[in-house]
Amino acid sequence: LRKKPKRRQFFLFNDILVYGNIVISKKRYNKQRIIALENVQLEDLPDEGGMKNGWIVKTPEKSFAVYAASPKEKKEWMIHIERCVADLLEKGNKRPAKEHAAVWIPDGEAARCMACGRTQFNLVQRRHHCRACGRVICGSCSTHSYRIDNLNKKPVRVCDMVIVSSVLTLIKTGKITLQIKTPIFSVSASEFVTTTLPSFISIFSRHSIVKAPTDFYDKVLFRTFTSVGSLKLPEELH
């Protein structure tokens, strides 16, 4: 759903969900994807405009929206998938996934960068997606790449808001400690990253992204924050 909906065929088995551009009549089965059902979590999507009968399929590797042809078909698919997942977890000695990949917001829903709110997208200013939160962001707000737990073995593009939130999470959990100096007011996420992120680069090169709470992304501006005077790392992080 990054640009526009694409037609896909789904096949549900008792332990996996298979989907792809599978054409049975012409025997073309390429580009199919297989999802282990123990990692699947469903989320209902309300009807909006022309997008109806939808739900979200969440997995650790990829999460995406699916739209059925009718309300009845949607209901049947969701019931059958959830039943298979429940049976597998109960009888198959499987454990559900703790983390799921973010659902990408479609390009068409963002005329401006969802991080800074200033950059307007056009032929020059391209859209990018943060792999951690799924929001549409500009290049200036996503200059850093880091590894996200359960999602990628290699570093991927993440937005400045996720970086800042990850720093705050590390501070809150006591993995890093800060000596605070002068207070600063109305500091944006991008400005915070620009002025203080260099102190944390060495940390993030060795530590994966800690996912932020959902409500963090609704706060583009920090109303009150403090600048970092100096950074003190625990011995195990040096």
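Number 80 in the UniProt record's numbering belongs to position 80 of the sequence shown; there are no gaps in the numbering.
All residues carry an ideal CB built from backbone N, CA and C; glycine is no exception.
Following the DSSP letters along the chain, one finds residue 144 in no alpha helix (DSSP H) but inside the beta strand (DSSP E) bounded by residues 144-146. Counting along the chain, the unbroken alpha helix (DSSP H) around residue 81 starts and ends at 71-91. Within the model, the alpha-carbon separation for residue 47 versus residue 54 is close to 7 Å. 52 is the residue among 61, 52 and 161 whose C-alpha sits nearest the C-alpha of residue 68. Between residue 37 and residue 13, the C-beta spacing is below 9 Å. A distance below 8 Å between beta-carbons, with the five flanking residues on each side excluded, links residue 105 to the following residues of its chain, in chain order: 114, 129, 134, 135 and 136. Secondary structure note for residue 58: its beta strand (DSSP E) is the uninterrupted segment 54-58.
The bridge partners DSSP lists for residue 13 come to none. In the DSSP assignment, residue 34 falls within the beta strand (DSSP E) that extends over 33-36. When the alpha-carbon of residue 123 is set against those of 169, 92, 93 and 111, the nearest one is in 111. Secondary structure note for residue 124: it is in no beta strand (DSSP E), with a DSSP letter that is neither H nor E. By the beta-carbon neighbour count (other beta carbons within 10 angstroms, threshold 16), residue 6 is exposed.
When rounded, the separation of the alpha-carbon atoms in residue 75 and residue 11 is 16 Å. Selection 97, 126, 72 and 19 evaluated against residue 64 yields 19 as nearest (Cα-Cα). Boundaries of the beta strand (DSSP E) around residue 44: 41-45. Cα atoms of residue 78 and residue 86: separation of roughly 12 Å, rounded to the nearest angstrom. Contact between residue 41 and residue 62 is ruled out by a C-beta separation of about 13 Å, above the 8 Å threshold.
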